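Numbering (our numbering), first residue to last: 18 to 233. Don't be surprised by glycine CBs; every beta carbon is placed ideally from N, CA and C. All values derive from a computational prediction rather than experimental measurement. Read the structure below first, then the notes.
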């Protein structure tokens, strides 16, 4: 009898389609290719502020949960870096200049919902955001620095100074995913929540493209 594949592998394989759809959104493709603008990046980062505010609130709520705590690390915390980036990009009054888009409101509401009630759902959103930051986020940072003249100011969100070896960190994270003794039903729920997180991302990119077109 064939051995079941590790959960982290099943998670990647079963969400590959929605992940690729999110990565292929026109707004992100334009930003990464240089067809976008510095203002487009600021729009994206301002939405990340609200997303990570919700996620890192949920991290505090889940800090005592025996499953969730296996994935929580202060090395991943992004909110202070986002705040510093936005102050650099928009000035000291940046909080008065940013507001969540409708897709961001839906996204953060879901994070807060599962972040209070469902450890598996929390892990799904934690995994989707932070492992993405440690993977594609590093490529995004390099492209932003090259195309928009950033050094480290403005892209601190993508810098993980306390994680010397991102690949090792990600491998350990995936080992923890494989080790959690979830039932098959719960694993299916977690995979479904990761897919939902990717769909929220796609909706956000669509909202950003709409907002950009309306401002043109």
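**Asked** What residue from 221, 21, 36 has the CA that sits closest to residue 144's CA?
**Response** Taking the first residue of the chain shown as position 1, residue 144 is located at position 127. Among 221, 21, 36, the Cα nearest to that of residue 144 belongs to 36.
**Message:** One question on the structure: do residue 103 and residue 111 come within less than 7 Å of each other, judged by their Cβ atoms?
**Reply:** Taking the chain shown and counting its residues from 1, the one referred to as residue 103 is at position 86. Taking the chain shown and counting its residues from 1, the one referred to as residue 111 is at position 94. A contact, by the Cβ cut-off of 7 Å.
**Message:** Are the CB atoms of residue 125 and residue 67 within a distance shorter than 7 Å?
**Reply:** As a first step, residue 67 must be located in the chain shown, where it is residue number 50. As a first step, residue 125 must be located in the chain shown, where it is residue number 108. Contact: yes.
**Asked** Quick one: what's got a C-beta closer than 6 Å to residue 18's C-beta in the same chain, skipping five residues either side?
**Response** Here residue 18 corresponds to residue number 1 of the chain shown, with the count starting at 1. In this prediction, residue 18 scores a pLDDT of 45, lower than 50, which makes its location untrustworthy; the coordinate-derived value is nonetheless stated afterwards. Cβ neighbours of residue 18 beyond the five flanking positions: none.
**Prompt:** Grouping DSSP H, G and I as helix and E and B as strand, with all else coil, what is residue 140?
**Reply:** Here residue 140 is taken as the residue at index 123 of the chain shown, counted from 1. Helix, per DSSP.
**Message:** On the CB-based measure, 16 or more other CB atoms within 10 Å of its CB, does residue 71 come out buried or exposed?
**Reply:** The count along the chain shown starts at 1 and reaches residue 71 at position 54. Residue 71 should be labelled buried.
**Request:** For residue 184, name the three-state secondary structure that DSSP assigns.
**Result:** One-based indexing of the chain shown puts residue 184 at position 167. It is helical.
**Message:** Can you check which of these residues, 28, 106, 26, is closest to residue 171 by C-alpha distance?
**Reply:** As a position in the chain shown, residue 171 is number 154, starting the count at 1. Measuring from the Cα of residue 171, the nearest candidate turns out to be 106.
**Message:** Between the alpha carbons of residue 213 and residue 135, how many angstroms are there, rounded?
**Reply:** Working through the chain shown from its first residue, we reach residue 213 at position 196. Working through the chain shown from its first residue, we reach residue 135 at position 118. Each residue's Cα considered, the two are about 15 Å apart.
**Request:** Compute the Euclidean distance between the alpha carbons of residue 32 and residue 211, then round it to the nearest angstrom.
**Result:** Against the chain shown, residue 32 aligns to sequence position 15. Against the chain shown, residue 211 aligns to sequence position 194. About 7 Å.
**Asked** Starting from residue 170 and walking both ways along the alpha helix (DSSP H), at which residues does that stretch end?
**Response** Looking up residue 170 in the chain shown gives position 153. First-last for residue 170: undefined, no H or E at that position.
**Under the three-state DSSP convention, the category residue 94 falls into** = Position 77 of the chain shown, counted from the start, is the residue given in the question as residue 94. Note: residue 94 maps to coil in three-state DSSP.
**Prompt:** Does residue 211 have its Cβ less than 7 Å from a Cβ in chain C?
**Reply:** Structure shown: chain C not included; a single protein chain is present.
**Pick from 229, 207, 217, 21 that is closest to residue 122, judged by C-alpha positions** = Start at 1 with the first residue of the chain shown, and residue 122 comes out as number 105. Comparing Cα positions, the closest option is 217.
**Prompt:** Quick one, are the C-beta atoms of residue 142 and residue 157 less than 7 Å apart?
**Reply:** Looking up residue 142 in the chain shown gives position 125. Looking up residue 157 in the chain shown gives position 140. No, they are not a contact pair.
**Asked** How many Å lie between residue 40 and residue 190 at the Cα?
**Response** The sequence position of residue 40 within the chain shown is 23, counting from 1. The sequence position of residue 190 within the chain shown is 173, counting from 1. Computed Cα separation, rounded: 22 Å.
**Own chain partners of residue 195 with C-beta closer than 6 Å, once the 5 adjacent residues on each side are dropped** = Position 178 of the chain shown, counted from the first residue, corresponds to residue 195. Result list for residue 195: 23, 24, 25, in chain order.
**Request:** Under the assumption that residue 44 contacts residue 99 (Cβ atoms under 8 Å), give the Cβ distance between them as a whole number of angstroms.
**Result:** Taking the chain shown and counting its residues from 1, one reaches residue 44 at position 27. Taking the chain shown and counting its residues from 1, one reaches residue 99 at position 82. Between residue 99 and residue 44 the Cβ distance is about 18 Å, and since that is not below 8 Å, they are no contact.
**Message:** What does the alpha-carbon distance come out to for the pair residue 159 and residue 77?
**Reply:** Position 142 of the chain shown, counted from the first residue, corresponds to residue 159. Position 60 of the chain shown, counted from the first residue, corresponds to residue 77. Going from the Cα of residue 159 to the Cα of residue 77 covers about 31 Å.
**Request:** Helix, strand or coil for residue 146, going by three-state DSSP, please let me know.
**Result:** As a first step, residue 146 must be located in the chain shown, where it is residue number 129. Reduced to three states, the DSSP call for residue 146 is helix.
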